[in-house]
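In my numbering, the protein residues as written are 1 to 385.
The beta carbon of each residue, even a glycine, is placed where N, CA and C say it ideally should be.
Here's what the structure looks like:
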């Protein structure tokens, strides 16, 4: 009829809007506004980039960036603070690894944080040391990253909002119409709520709350909020962590790494805390989404779900495992049996394929990136970026 709008796509392909089931909106916004090291092929290439930035950065001002991956470099080893010290003598420098599970920092940051050869590894974290020494190398893995969290400048609420708005705009251009934000802090919840109330929250956002006590206490009093602002904002999940990442050897494995025989990964959250947080979230009606990459980390989460289901056989918790990256073959069917959603990201397979088998061996790789094996059990796999 006369109200029908016709668009001539001139031969282009039209697809439905996509839902990204695992993204970090605030982190994407920061990534778009700081140094981008994706695609770099060596530590020296990054040093060259940083040199030009440092020359125009006032002394004392932080230089931040993200995206480096030593597995993609010609020399596949962690870099050191000494490389950065040469070009950033007057600025603290903190660069997050591509997976967000490690920092590469310069000596200035180590000094500001008081990290020395006497500093012990924190629970669930590791300070990489120089060979045959206790001297910190400049690489902080998983919970060791928290050692510098208090000294990195906290962005203002306005800066956080600008980053989120930029990330949302960027996501729309990629065809995303809904994003599951995997780890949302209290400021970000407030920003999403404000944007939604103004009719500016596009794409739609599904919030997985950070495991912050004050934030959870507030949201537990309210309960799950589904379909707010004409279905543009939903707050009904909590994000927890079982282990670290494979690229930095923090993923928790049942047996040691094939290329690091003294290391089986890191339990980022103590099991007792993970169980308590899971049970608390379920009690208040929230979906629980737990990051687990290694086969041991995934088995732990499946065990926790199974134990909670035993207490309430009638309830479908729709629990999620974020990544479900390396699985024991014995555990694959348990996803279907327990109703656990394996929330997986194809980019992990494509980025890891050159070195993953070296890291976990020819037998364990059979249960890694196992979309077909999981799909054959009858589960649905939501895809994320």
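Measure the Cβ-Cβ separation of residue i and residue j and say whether it is below 8 Å.
{"i": "residue 87", "j": "residue 54", "result": "yes"}
{"i": "residue 141", "j": "residue 247", "result": "no"}
{"i": "residue 327", "j": "residue 295", "result": "yes"}
{"i": "residue 25", "j": "residue 164", "result": "yes"}
{"i": "residue 152", "j": "residue 62", "result": "yes"}
{"i": "residue 107", "j": "residue 72", "result": "no"}
{"i": "residue 298", "j": "residue 278", "result": "no"}
So which of the options has the shortest CA-CA distance to residue i?
{"i": "residue 37", "options": "325, 268 and 96", "result": "96"}
{"i": "residue 331", "options": "377, 345 and 17", "result": "377"}
{"i": "residue 249", "options": "380, 371, 180 and 69", "result": "69"}
{"i": "residue 59", "options": "9, 93 and 149", "result": "93"}
{"i": "residue 109", "options": "89, 319, 124 and 345", "result": "89"}
{"i": "residue 187", "options": "259, 319, 242 and 161", "result": "161"}
{"i": "residue 167", "options": "370, 91 and 28", "result": "28"}
{"i": "residue 369", "options": "355, 363 and 348", "result": "348"}
{"i": "residue 293", "options": "318, 354 and 364", "result": "364"}
{"i": "residue 114", "options": "124, 101 and 150", "result": "150"}
{"i": "residue 287", "options": "258, 8 and 239", "result": "239"}
Suppose you measure from the CA of residue i to the CA of residue j; what does that come to, to the nearest Å?
{"i": "residue 375", "j": "residue 360", "result": "23 Å"}
{"i": "residue 191", "j": "residue 132", "result": "48 Å"}
{"i": "residue 137", "j": "residue 147", "result": "14 Å"}
{"i": "residue 391", "j": "residue 291", "result": "In the structure as shown, the chain starts at 1 and stops at 385, and residue 391 therefore has no counterpart that could be examined."}
{"i": "residue 185", "j": "residue 74", "result": "37 Å"}
{"i": "residue 4", "j": "residue 32", "result": "38 Å"}
{"i": "residue 260", "j": "residue 358", "result": "10 Å"}
{"i": "residue 311", "j": "residue 333", "result": "21 Å"}
{"i": "residue 350", "j": "residue 383", "result": "14 Å"}
{"i": "residue 346", "j": "residue 385", "result": "7 Å"}
{"i": "residue 116", "j": "residue 13", "result": "57 Å"}
{"i": "residue 422", "j": "residue 6", "result": "Since the displayed the chain opens at 1 and closes at 385, residue 422 lies outside it and no answer follows."}
{"i": "residue 222", "j": "residue 127", "result": "40 Å"}
If I measure Cβ to Cβ from residue i and keep anything under 6 Å in the same chain, skipping five residues before and after, which residues do I get?
{"i": "residue 284", "result": "220"}
{"i": "residue 316", "result": "339"}
{"i": "residue 145", "result": "103"}
{"i": "residue 241", "result": "268, 269 and 291"}
{"i": "residue 98", "result": "67 and 69"}
{"i": "residue 34", "result": "64 and 65"}
Among the residues of its own chain, which have a CB less than 7 Å from the CB of residue i, if the five just before and after it don't count?
{"i": "residue 342", "result": "321, 324, 335, 374, 379 and 381"}
{"i": "residue 271", "result": "300"}
{"i": "residue 40", "result": "46 and 68"}
{"i": "residue 366", "result": "329"}
{"i": "residue 172", "result": "202 and 203"}
Excluding the five sequence neighbours on either side, which residues of its own chain have a C-beta within less than 8 Å of the C-beta of residue i, listed in chain order?
{"i": "residue 201", "result": "168, 192, 195, 229, 232 and 233"}
For this session: Evaluate contact between the segment 197-210 and the segment 251-270, counting only Cβ atoms and requiring at least three cross-stretch pairs below 8 Å.
Result: no
Exercise. Taking one C-beta from the segment 151-162 and one from the segment 118-131 each time, how about it: are there three or more such pairs within less than 8 Å?
Worked result: no
Exercise. Does the segment 72-83 touch the segment 31-48, meaning 3 or more C-beta pairs lie closer than 8 Å?
Worked result: yes
Exercise. So, do the segment 256-275 and the segment 212-230 have three or more beta carbon pairs nearer to each other than 8 Å?
Worked result: no
Exercise. Taking one C-beta from the segment 175-190 and one from the segment 10-27 each time, how about it: are there three or more such pairs within less than 8 Å?
Worked result: yes
Exercise. Do the segment 221-237 and the segment 191-207 touch if we need at least three Cβ pairs shorter than 8 Å?
Worked result: yes
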